[in-house]
Structure formats: structure tokens, C-alpha cells
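Down below is the structure, laid out as C-alpha cells.
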Amino acid sequence: MSTINTAAVDLFVAKAKPVTIQIKEVSSLSEALTLTLEICEQKPLGKLMLPVKDPDAPRKKTLAAPALAAESWDYLVKEGEKKGFEMIRDNLRQYLAGIDVAFSVATMGIADTATSVLESLSEDERLATMICETHVVALPKSKIVSDSYEAESYLRASMTKDRNFIAFVSGPSRTADIERVLTLGVHGPLELFVALINE
Amino acid sequence: MTTPTLQNYHGSLKQALGDDFLRQTLDNFAVQYRANRQLIFADVNEKGLIAEIAESKEASLDHLEELYAQFREQAAKKGITVHRAATAKEAQELVCQLAKDYDCKKIIKSKSMTAEEIHLNHALIEAGLEVTETDLGEWIIQLRHEGPSHMVMPAIHLSRYQVADVFTEATKTNQDSDISLLVKVARQELRAKFVEADMGISGANFAIAETGTFAICTNEGNGRLTTTLPRVHVAICGIDKLVPTLHDALRVIKVLPRNATAQAITTYVSWITGALECQRTGTGQEKKLHIIFLDNGRSDLIKDTKCRQALRCVRCGACANLCPVFRLVGGHRMGYVYIGAIGLILTYFFHGHERAKVLAQNCIGCETCKDICAAGIDLPTVIQEIRARLNEEYGSTMDSALLGKVLQNRKLFHTLLKFGKWAQLPVKKGRYIRHLPDIFAPYQGFRALPAIADKAFRDLWPSIKPPEAPGALKIGVFAGCAQDFIYPRHLKAAVDILARLKVNLEFPETQSCCGLPVQMMGQRQAAIATAKGNIEAFQPFAPDYIVTLCASCASHIKSHYADLLAKENLGEQVKAFTDKIIDFSSLLTDVLKVKPETFVNNQERVGYHYPCHLIRGLGVVEAPKTLLGMSGQYLPSQEEDSCCGFGGTYSMKFPEISGVILENKLKRFEEAGVTCLVTDCPGCFMQLDGGAQRKGGKLKVEHMSEFLARHLAK
Ligand code: SF4
Ligand code: SF4
């Protein structure tokens, strides 16, 4: 799976738009990390969803990337702390009031529904991607297939071999339950970025 | 629990009809949904996928026990405890017991229709547990102590102001009615509930036997939190959610969100394979994960050959969206727990015959739901079957007075009188009633009702039969009651046109009612006998085609005769007969290939109402437009294919609904600026013409045959 199906990539990009996924193009994972830091820097400080002792105390922005490989994590922490962020790798249950940004890497992309496939065995990753206000997913272009049937044999293998928690994520959390007016961010992220890695 | 009587049902319908917000909301939704649905299905093979889903669901139902065993084995290996509950009560008790065993006090739920089906919240609260729904719509209705009014959009009946009121009360803080702010209130309030909860309860859209995986589709992401945060997770689903492979689930996902909300996919699909770590229980511990498969009558329903297709349902909710009845009265009146067409059916099977008795009557039979069902279920036919069973069980008492009157009105259904209990009904002197009894006046004020024609078509026939045309096509005329007795002029006009086109026409005298009205009333034996009689009547003439000007007759004959007569040993005869049946418009365009020269076109501004039984029953789309284009200036109008509200006896039973549907319908034609409205079915004609007359008769209504005959070139 190292060749890029450009038709599928184009389809992914086209289908992302109507479901308010923001597509970014990057050349490598480390560029995706840099992008994530920028996104965190630009967004307003997140709101807390649970009461805190001192609501007026100064807070840092929070960025979590629980399942990131050690090397990338080291880079991210270094750069994030430079920017004054609180960097989170585990113990997400301490942050259920909400975090600013979560970063994760998709194992697959499904073009016709603009879906990122996340395999999150780690509870921390599942939580981070739900309690953040902004979710950034890195997706290598070579992992994008045209439709779900093409992803099927991979997914089946992954479900067969062991326990797993796979999520198809195709946009920010949304609802239309009040007067059918589309509103983003009811429980999960208010915005979703997909950083397409050119590899 | 009280069960509705017809009388208080009418009362609650009236109340709903007076709710302008509800009607406007559901109407806007229907219009937008229809357009969006079409767009979102553009890049997949809709009909092909639906047929595949139907087939695979049927196959699963055949092997449900094996699938269950396989799922159980796979899931157990991965730390999931699998339970089976035979009844709603057993399922309730199971969940309560699990809460006790694991010492749970607080419960959060993501949306589950199965939990609604068994009134789970009620049982949990009785057991002293705190339960919070986390799907926004479900939370709203939970706070209002009411049930969902739509399977996918449970709070669609409420306005932002009502929601603001509910939230104000729940938070003890004044809440603004701005929708994005209301959503933030839910985000905040519910986050705390997520954090505190000991147990999460979810539904499952699929349970995949080959891997022991189950999947949950949500847009809000509450499913992902419900299944991750609490230390115990209990999933509950009907046994009908078992599928053999991942492929089956992926296939349904291609249709379900498209059909439900016109989305290519729900924002989240969570695939859970096995129990995973849960830090809430202490480091390294596993989540306690249980799944409950609910039977609650499903095993019996599988054996019910006529109705089991209802178990294919994937709960997309679409069968409500365009339903003309739902659009007017909303889900609280068009269902019990399950809503819309499938709601009428599942109420009967899951919540008892008593509760379904009145509800099952409220379907016009327009087939709109069948046309878009994600699982290819023939919903109106199953509803009719249930009605027949309810009639057998309760007698026709539920509406007997009115039905009796209908029948008297329809003495023209002479064959009907030969059967069973109808035989002793008093028969008036003379052949037909000339006018309808006054007693209809209070119910039927919304339209003028027709009188019986002085001379029936069968009496006219000998004097208007065209000369033979040697060597030309032989065409039989199937008159149908309404046109034979009330509107012979429609048939006369058709004879004029067909005579011009030089064919051999025959009208076998022994034909009678097609049988649809008796079928709709649930009188199966009568329906079988009339069907048989009609086949015999046409046999000697051996026509090439049998034309009917009534789309309802045509569609009934084509779609139900084979099934009705399956046990009558008629062999190939049935198919030979039904294959020859053709509607008038299609006969002219497809068989006789009429040319524009046949007509004088003075550009009369004409609109067309598609009879349900023509466009959905027979799949005829182009023929009427082609003919009107040749003979006038055809003007398309909004929703020209939506039901006019007639539905035979339906308009007698639920005149309040039928009348409003008609009113909306006529308004759309006025908006399109037509001066003449044409249709292809005497039932629709009776409804539309009656409504137009009541409105002062400015809009002329004609059957296709009349319009064409009026424009026939000299
Ligand atoms: S047949 Fe028509 S009226 Fe009956 S449930 Fe379906 S859509 Fe509604
Ligand atoms: S019956 Fe068909 S349309 Fe209705 S909810 Fe079920 S699958 Fe959807």
C-alpha cells in the first residue's frame, strides 16, 4: 500500500467539503504535527464543560496526542511547550472538562464518504478525540481507498485477529435535533481537520 | 396503559391537525428530504443496493440461530458476555440485575430504539437508578416525559422555544432560544452526566457474527462516549440485528444514513470488537461489556411468512418522512414507539394487538413508504394484512357503523354483497343509490360526492361498441366499479379514442370489482372470489391487452392477484391475465404509439396528478406527460406524485386527514397556474373533482381519457 490512488484522494477531498471537514495538505508526519501546533495556536482557548475550583485562574491551551510514537511525541512536546501549551499523552480522564486539540493518525481513509478510520485500542485516544474542541487527523494519501468495500478485507482482518475499537469518523460531531438546524459540536469536536500526508 | 379508541384517536388527530408548527415543520422537512435524498443517492445504485439488503436480511432471518451461536462464540472469546431475552420484561430485568451486580447508580444512554421498545428507562427508574439520555433529541423528550415522534429525529415535533423552556426548567437557569446556544447547554449538562455514570447503555445497528463485533451509528458522538467512559457497557438490540459478515453491515451503511437523513454516512460509526481497557475500573482493568439480544416476538414473526419482511427493517425512519399521514399528524399519532409505516406494523407485533387496533387503520395505502424503504419492505401490504387479522380478531366492530355506511354507499360493489356477513345488509330497492345518504354530510364536507350515473357503462356498451377491425389488436376493457357505475363517461371517452385508433374492443359482462376495496377492508375471501371471477370473465375473449382506466384496479390486479390466488390451482392463467393488464396512458403511448396528429393542441394549461397506484404501483412515469404534451401545455407542479388523500374507504374513515391532504394538493396546482387538472384514476378523480367543486369549480378536473377525447382531431 504505498502507491497513491489519486482518483480516490480527489474524491476524498471533494466529499469532505459538504460535511465540513477541513482538508490540509502536508508532506510528512512532522509537517502534520507542525500544522496541529499552528491550529492550536490560532484557536480560541477552549471552554470547560465541568465546573472548576477557580474558573478565573489563567489556563494553558491543551493538546493531546495519546497514541503517537515516542519520537514524534518528543518533537511535539518540545514545540508545544515552547508555545506555552499543556501537552497531554495519557490520563485523559483528568481532562474530561475538555481539551483544545487532539491529534491522531488514521489507519485508512474511505474516499466516497470522506471517512477517516481510527483504530483506538487506547482509551486515552478515544477520549482525546471526543473531548477536544478541534480534532486533527493525519491520513497518508496512500491509505485512501475508494469505498468501504475496498477497506473491507483490512477491516475484517483487524476485527478477526483481536479486540479492537474502530471508528469511522466523517466530520465533526453534529446534530440537527432542534428544528433540524445543523449544529456542530454537540458532544464531540466542533471542528475536524484532516491533514493528507503526501506519501 | 390506556389503549386508544377510535373516538379519542380522532380527537388527538384533530389536535395534531391544529398544530401549525408541527405541520409546517414536517412539510418543509418532507420537501427538503425528498430533494436531498435524490442527490445523495445519485452516486450509488439505490434500487440494486436495496434489493441486496432485502435478500441478505432474508437470508439472515433464515439462519438467525446459527448467527446467534456464532456471534456468541466469537464475542465470548473477546470478553463480551452475551445474553438473550425472550420478552421485554426479561430484558428489563437483565439490565436491572447487571446494574445491581456491578453496583451502578448512574446510567447514561445513547440512542436505542430497542430500549424504547421495552420501555427500559421506566424500569430502571423504578429500580431506583438515575438514567440520562445523551442523544440531544432523546434527552429533550426525556425531560418532557414523552416518547419519540420520529425514529431518527425524536424531537422533531418541538420548536426551539419549547426546547428553551425545557432546558430552563432542567438547568434552573433562563435559557435563550438560539439553537447553537441550546446545543451548548446540552454539551455542558451532559458532559457531567457522562463523567459520573457507572453504566453506559447503547443500542447496536449491527451484530456481526463472523467476528463478534457490533456497530453503532451516531452523528453526535455520544455513542463513542457512552461506550468508553462508564466502567460497564450494556448494548441491547433485537436479534434481527445479527448479520453474517462485515460486508452485510457495510452494505446497509451505504443506504441507511442516505435514507435516514440524506447523509452519505453518519459522522461516527463505532465498531466494537471485545472488551477493552477501562481506566475507570483501575489500571489495566477491562471494561465489563454485555450485549443483550431481544426476542420479544421476533422468533414468531420470522415464521409468519406474510409479515416477516418487517424484520428486515434497518430503522432508518424514512417510511415516515414522506408519508402523507405522518406529514400532517406527526409521529405521536402515526405510531406508538416505532413511528411511520413500520410503526403501524411493529406496534401490532411488539406492543399488542389492542394497541395496534386503531393505529393500523391510519394508512392510505399510497405506497410512498414502500417506494423508499431501505430494506425493500412492502409496508402497505403488510399493513393491510394486519388490518385483515385485526378484523378477524375483533370483527369489524372498531369502525363497523361507518364501514357499514361505506358499504351501503358502495352498493355498487355488488359482488361484495354476496359474501359472508355483508349479505344480510339491507338492500335498497332499485339497482343503485342515486345519491349518498345525508349521514355522510358531517364527515364529508370537504368535497362534493358524486352521484351514481343514470346509465352504467355496462348498459351503455351495446350501443357504443365500435365496429370490428379485422387483424387489429384485441383489447379487453376492464371497467372497475367506479367507472362502470359512477363515471361511465371516462370509459365512453376512452372508447371514442380507441375506436379512432382502430382496435377491436370487448367488454366481458361478467367482470366485476377488482377486489381492492374488500382487500383494504380486510375481507380476504371476498377479494379471492372477485379475482377469480374476473380471470374467468376475460378468458373466452383472449385479448392481447386488457386496458383499465383505473390505476388502482391495475395495480391491485398486477401486484396482488398472484398472491391471492396462489392456492386456487389456476396455473398459468393468473399470470397470463395479470400480464395483459395495462393502464390507459401506457396503452396509448407504448402499445398504440399515438402521434401528436391524433390531437388538436390549443395549448390548454394542464397539470397532472400522478395516482399513487400508477407511479408507484405500476411504475408509470413518462406516458401521461407525453400525452398531455401532445394535447395541451403540460405544466409541472410541486409534488405532483404525492397522494391526494383518497385511499378508498380511508377518506371515509379519516375525513379530517384526507381533507387537509386534498387542500394542500389543490393549492399546489393553483400555484402552478393550471386551468385543467388531469389524472388517471377514478378514485383520485373523485377526490380532486370533489375538492375543486367545493372550492367553486374554477379548476376543471378530468380523467386522461376525457381530456384527450376533448382534444381529438376531427
Ligand atoms: S402507504 Fe402511504 S399512507 Fe400508508 S404508511 Fe405508507 S406512506 Fe403512509
Ligand atoms: S421500514 Fe424501511 S423505511 Fe421504514 S424504518 Fe425500516 S428500513 Fe427504514
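Just so you know, the sequences run in chain order A and B. Following the numbering used here, the numbering of the first sequence begins with 319 at its first residue and continues without gaps. Following the numbering used here, the numbering of the second sequence begins with 50 at its first residue and continues without gaps. No residue lacks a Cβ here, since even glycine has one placed at the ideal position from N, Cα and C.
Item                                                                                                                                       : Value
heavy atom of ligand 2 below 8 angstroms from B:Val363 C-beta                                                                              : yes
Distance, B:Lys352 Cα to B:Val511 Cα                                                                                                       : The sequence shown places Pro at residue 511 of chain B, rather than the Val named in the question. Whole-angstrom Cα-Cα distance: 51 angstroms.
Terminal residues of the beta strand (DSSP E) in which B:Tyr82 lies                                                                        : B:Tyr82 -> not in any beta strand (DSSP E); alpha helix (DSSP H) instead, spanning Asp69 to Ile89.
Beta-carbon proximity of B:Glu755 to B:Ala505, cut-off 9 angstroms                                                                         : no
Beta carbon proximity, A:Met319 to chain B, threshold 9 angstroms                                                                          : Low confidence applies here, because A:Met319 scores a pLDDT of 48, under 50, leaving its location unreliable; read the following figure in that light. Chain B contact via Cβ: absent.
Min CB distance B:Gly128 to chain A below 9 angstroms                                                                                      : yes
Buried/exposed call for B:Leu88, threshold 16 Cβ in 10 Å                                                                                   : exposed
Contact with chain A by B:Ala241, beta-carbon distance below 9 angstroms                                                                   : yes
Shell residues, 6 angstroms Cβ cut-off relative to heavy atoms of ligand 1                                                                 : B:Cys372, B:Pro373, B:Val374, B:Ala390, B:Cys412, B:Ile413, B:Gly414, B:Cys415, B:Glu416, B:Thr417, B:Cys418, B:Leu428 and B:Pro429
Straight-line gap, A:Asp374 to A:Lys365 (C-alpha atoms, nearest Å)                                                                         : 12 angstroms
Secondary structure of B:Ala103, DSSP reduced to three states                                                                              : helix
Proximity test, Cβ basis, 9 angstroms: B:Leu231 and chain A                                                                                : yes
Ligand 2 heavy atom lying under 8 angstroms from the CB of B:Asn254                                                                        : no
Unbroken alpha helix (DSSP H) run spanning B:His381, endpoints                                                                             : Where B:His381 is concerned, there is no enclosing alpha helix (DSSP H), given that its DSSP letter is neither H nor E.
For B:Val283, the first and last residue of its enclosing beta strand (DSSP E)                                                             : Val281 to Gly287
Contacts around B:Ser61, its chain only, beta-carbon distance under 7 angstroms, and the 5 residues preceding and following it disregarded : Arg382
Local Cβ density within 10 Å of B:Val670, reported as buried at 16 or more and exposed below that                                          : exposed
Exposed unless 16 or more other CB atoms sit within 10 angstroms - verdict on B:Pro645                                                     : exposed
Interface flag, B:Ala65 vs chain A, CB-CB below 9 angstroms                                                                                : no
Per-residue DSSP class, three states only, for B:Arg236                                                                                    : helix
Proximal residues to A:Leu414 (C-beta, below 8 angstroms), its chain only, five neighbours per side dropped                                : Met367, Leu368, Leu445 and Ile449
Buried versus exposed call for A:Pro507 [16 or more other C-beta atoms within 10 Å across all chains shown]                                : buried
Spatially closest choice to A:Phe486 from A:Leu351, A:Val435, A:Thr493 and A:Leu394, by CA coordinates                                     : A:Val435
N- and C-terminal bounds of the beta strand (DSSP E) containing B:Val657                                                                   : The residue you asked about is not Val; residue 657 of chain B is Tyr in the sequence shown. First-last of the beta strand (DSSP E) with B:Tyr657: Arg654 to His658.
Residues of its chain near A:Gly402, where Cβ-Cβ distance is below 8 angstroms and the 5 sequence neighbours each way are ignored          : Lys378 and Lys379
C-alpha distance - B:Glu653 paired with B:Met679, whole-angstrom precision                                                                 : 11 angstroms
Beta-carbon spacing of B:Gly97, B:Met200 below 9 angstroms                                                                                 : no
For B:Gln224 and B:Leu192, the rounded distance between their alpha carbons                                                                : 15 angstroms
Cross-chain neighbours of B:Thr29 in chain A, by beta carbon under 7 angstroms                                                             : Coverage of chain B is limited to positions 50 through 763, which leaves residue 29 of chain B absent and any answer about it impossible.
Reduced DSSP secondary structure (H/G/I, E/B, other) of B:Phe342                                                                           : strand
Candidates A:Ile417, A:Pro458 and A:Lys371: closest to A:Val344 by CA position                                                             : A:Pro458
Within-9 angstroms CB hit, B:Glu269 to chain A                                                                                             : yes
With 16 other Cβ atoms within 10 Å as the buried cut-off, status of A:Leu500                                                               : exposed
Within 9 angstroms, strictly: CB atoms of A:Ile428 and A:Val455                                                                            : no
Residues in the segment 388-412 of chain A having any Cβ partner in chain B nearer than 7 angstroms                                        : Arg411
Beta-carbon contacts of A:Thr338 that lie in its chain and below 7 angstroms, excluding the five residues immediately before and after     : Gly489, Pro490 and Leu502
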